[in-house]
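>
2 protein chains.
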Amino acid sequence: MATIRELARLCGVSSATVSRVFNNPEVVNAQTRELILSTAERIGYLPNESARTLATKRSRMVGLIWDTDHRRPGWRHPFFQEILIGLKTALSERGYHLLMLATSEDGTPDDFLRAVRRHNLDGVVFIDNGRDDPSLQPLAASEVPCVSLDRPIQGPRTTYVTSDNADGAREAVRHLHATGRRVIATITGPTRTRPGAERLRGYLEEMAALGLAHRPELVVEGDFYLSSGYAAMRALLELEEPPDAVFAAGDEMAIGALRAVTEAGLKVPEDIALVGFDDIELAALVPPGLTTLAQDKAGFGTAAAAAVITMINEDVTPPPRLLPTPLVVRGSTGPDPRF
Amino acid sequence: MATIRELARLCGVSSATVSRVFNNPEVVNAQTRELILSTAERIGYLPNESARTLATKRSRMVGLIWDTDHRRPGWRHPFFQEILIGLKTALSERGYHLLMLATSEDGTPDDFLRAVRRHNLDGVVFIDNGRDDPSLQPLAASEVPCVSLDRPIQGPRTTYVTSDNADGAREAVRHLHATGRRVIATITGPTRTRPGAERLRGYLEEMAALGLAHRPELVVEGDFYLSSGYAAMRALLELEEPPDAVFAAGDEMAIGALRAVTEAGLKVPEDIALVGFDDIELAALVPPGLTTLAQDKAGFGTAAAAAVITMINEDVTPPPRLLPTPLVVRGSTGPDPRF
DNA sequence: CTGAAAGCGCTTACAG
DNA sequence: CTGAAAGCGCTTACAG
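These protein sequences, in sequence, are chains G and W. For this note's numbering, add 2 to where a residue sits in the first sequence, where the first one is 1. For this note's numbering, add 2 to where a residue sits in the second sequence, where the first one is 1.
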């Protein structure tokens, strides 16, 4: 591994000049610059990132906090992979790498902050795991740029990215209403989560706006997982006056609901129309096709990357970013040509 | 941020001693050790990783190469998330972090190797993306410990982890045979991929072992995606003597095949039995439940972590690791109580 | 068991 | 536009 010193000697300059070529190229004489660059190429010189980080206190690495392991099973993000691709791509275009942070064995509450300090991470992206994690508090309270997905966090240099959940829910209700349904129920996510609460709010607002009576028994809480949608739908079918449409706050729950409807001998969309949320892959695959509000999966990653890089470089905190959730119409609210 | 020098001064020792407490604790006097440890705790001292890496040439970071971005869409790993959890967990238990490597903008063939050198990565894990990636060649040829998932790689310090694909395929055929099927077709993965080729080999071997005639028209190539399974199944149904059982080399293809069977007015498992491979989540959710060979998703991550850490610390190259693929029987090869 | 000293490979005022 | 020099925060023979 060639070092900056060897490269400098080979070019007959000081290592300061070589360093400038890589960090501030416009400041060095064009000819020497070219000489240095081509020599670097020839001998395979690569700047040592540890040394750079040590000297500059900036690592050009962003931490990813995604707190899940085999001991805490059950949580799967509906589109973690897409977020990660978006994040990785956007970050690497700006010259940043992603370091996956693991909660360390000792599990003290400032674990993540410690990892950030040890590695001189320039910022952090946090994927909500649906739980309250005390390790986040010290991090958020620090001066480290933090962007969170789907969950507002408090701190001097924090912001978040999320879908416009309330708006999406409103559109779901509007769409069901437009197809002629009048008894519209909802299966919510856990209302302690932000997306759960917001989607419920949107539902309630739009029901009111459309002049549809609010019937509390039409609101059933689920937990985003398939089986809760199944159970909730069975409960709804037991009602005196069952709904003719259901907005489920997540596609998995909607698919569970779909199964319950089918098992009850009813048909989707004829007897009951269904709208989900997320647009997971399965939504397009399960007959008769699930109408849903699409979350901008890659957009999450891209927006998070943009936000954290802004905070790193400009010392400003961008406002929370709300991503639109386009309605994708499939067979569960009307005929789908493919099925 | 307290430095080792301040901590040393506070404790009345040299920084060499402090360093030893963190790297070689047994070598320092118990009392001073305790003093240093407690003082470190009190003032919040954290060793600076960049400085350590610079001094030792070891970063305690492993690179993850997972070469996918939005410009190359289409590829999704069937259980990337599970692998990543397994990998992250196992690595962090040994004190390693995971750095996600991005192909850099310039895209030269030694991109990954360059990243490894710049960051002093101790090793690398590579998730097969189903394509041949020339960037891997220089890395594999180097002295950097590399473990690859699902694809053998050549190099002085390389090994790989994969499912026992041939054995799983054999078991699939055996199971179908045991349930009374005699005309057993297969929908293969791309045979240029290792898993695709191995699963086909297992199928052929077991067919021969069972004395079932080899009929070339019963072998149809797919690409692991759902639609290819659908198309392949339609082709199989057109045969003079259609199969009464199909082993699809991936669950997605099996689910596509399932749809084709249903659309043709036939029933699974009565008319045609189906076995998949992978045990993706959907396999349990799609009626009548898909019998499949389960890949040990977390095991991939754990085994990869173990292999790379062995190579890092012991300078030996562990042999390739073959993970077993237990048969999970569901409704597609017989009655499933849940449907 | 411990310390003084050199070294890891960069960057960055400072001076010219 | 460039160089000499100090500094970033550790580790590790070497000597005691």
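Here a beta-carbon is modelled for each residue, glycine too, at the ideal position from N, C-alpha and C.
Can you give the Cα-Cα distance for Ala53(W) and Ala286(G), rounded to whole angstroms?
Computed Cα separation, rounded: 51 Å.
> Under 7 Å between beta-carbons, which chain G residues line up against Arg55(W)? List them in chain order, please.
First, the residue type needs correcting, since residue 55(W) is Thr and not Arg in the sequence shown. In chain order: Ser52.
> Any beta-carbon of chain W closer than 9 Å to the one on Phe82(G)?
yes
> Are any of the Cβ atoms in chain G nearer than 9 Å to that of Met255(W)?
no
> Please report the straight-line C-alpha distance between Arg60(G) and Leu123(G), rounded to a whole angstrom.
7 Å
> Between the segment 307 to 315 of chain W and the segment 247 to 267 of chain W, can you find at least three pairs of beta-carbon atoms closer than 8 Å?
no
> Does Ala117(G) get closer than 9 Å to chain W when you measure Cβ to Cβ?
yes
> Out of Asp317(W), Thr91(W), Pro328(W) and Ile257(W), which one is the CA nearest neighbour of Pro289(W)?
Distances from the alpha-carbon of Pro289(W) to those of Asp317(W), Thr91(W), Pro328(W) and Ile257(W) put Ile257(W) closest.
> By Cβ distance, which residues of its chain are closer than 8 Å to Asp135(W), with the 5 residues on each side in sequence left out?
Asp69
> Going by the CB atoms, is the gap between Pro245(G) and Val330(G) shorter than 9 Å?
Result no, Cβ atoms of Val330(G) and Pro245(G) do not sit closer than 9 Å.
> From the DSSP output, in three-state form, read off Glu43(G) for me.
In this structure, Glu43(G) counts as helix in the three-state DSSP scheme.
> Quick one: is Ile85(W) buried, meaning 16 or more other Cβ sit within 10 Å of its Cβ, or exposed?
buried
> Checking 9 Å against the spacing of the C-beta atoms, do Gly157(W) and Leu100(W) come in under that value?
no
> Along the chain, where does the beta strand (DSSP E) that runs through Arg249(G) open and close?
Looking at the sequence shown, residue 249(G) is not Arg but Phe. Ala247 to Ala250 is the span of the beta strand (DSSP E), which, as asked, contains Phe249(G).
> Check this for me: beta carbons of Ala262(G) and Phe226(G), under 9 Å apart or not?
Their beta carbons are not under 9 Å apart, which means Ala262(G) does not touch Phe226(G) by this criterion.
> Within the segment 195 to 228 of chain W, note down every full beta strand (DSSP E) run reaching 3 residues or more, in order along the chain.
221 to 223
> For a test of the three-state rule: what should DSSP assign to Val185(W), helix, strand or coil?
coil
> Return the CA-CA distance between Leu276(G) and Leu260(W), expressed in angstroms with no decimal places.
So the two alpha carbons sit approximately 24 Å from each other.
> Work out the CA separation of Pro271(W) and Val146(W) for me, nearest whole Å.
Approximately 49 Å between the Cα atoms of the pair.
> Can the beta-carbon of Arg120(G) be found closer than 9 Å to that of Tyr98(G)?
no
> Does Pro49(W) have its Cβ less than 9 Å from a Cβ in chain G?
yes
> Output yes if chain G places a C-beta closer than 9 Å to the C-beta of Val288(W); else output no.
yes
> Does Leu86(G) get closer than 9 Å to chain W when you measure Cβ to Cβ?
yes
> Give every residue of the same chain whose Cβ lies closer than 6 Å to the Cβ of Thr293(W), excluding the five residues on either side of it in the sequence, and list them in chain order.
Val277, Val331, Arg332, Ser334 and Thr335
> Three-state secondary structure (DSSP) at Leu329(W)?
strand
> Let's test the definition: count the other Cβ atoms within 10 Å of the Cβ of Met3(W) and tell me whether it reaches 16, buried, or not, exposed.
Classification for Met3(W): exposed.
> Is any beta-carbon of chain W found at less than 9 Å from that of Ala233(G)?
no
> Quick test of your reading: Leu178(W) and Thr190(W), contact by CB under 8 Å. State the CB separation rounded to the nearest angstrom.
Rounded, the Cβ-Cβ distance is 16 Å, inconsistent with contact.
> Do Asp152(G) and Leu324(G) have their C-beta atoms closer together than 9 Å?
no
> If the criterion is Cβ atoms closer than 9 Å, does the pair Pro322(W) and Thr161(W) meet it?
It is a contact, given that the beta carbons lie within the stated cut-off.
> Drop a sphere of 10 angstroms on the beta-carbon of Arg11(G), count the other beta-carbons inside from all chains shown, and report buried for 16 or more, exposed for fewer.
exposed
> Would Met313(W) pass as an interface residue toward chain G - the criterion being a Cβ-Cβ separation below 9 Å?
no
> What residues in its chain sit with their C-beta under 6 Å from that of Arg73(G), if we drop five residues either side in the sequence?
Interpretation of Arg73(G) is limited by its pLDDT of 48, a score under 50 that renders its predicted location unreliable; the figure taken from the coordinates is listed afterwards. Excluding residues up to 5 positions away in sequence, nothing lies with its Cβ nearer than 6 Å to the Cβ of Arg73(G) in the same chain.
> For Met3(W), which residues does DSSP report across the bridge?
DSSP output for Met3(W) lists no bridge partner at all.
> In angstroms, rounded to a whole number, what distance separates the CA positions of Phe249(W) and Ala233(W)?
The straight-line gap from Cα to Cα measures roughly 15 Å.
> What does a CB cutoff of less than 6 Å around Met102(G) pick up in its chain, not counting 5 residues either side in sequence?
Excluding sequence neighbours, Met102(G) sits near Leu66.
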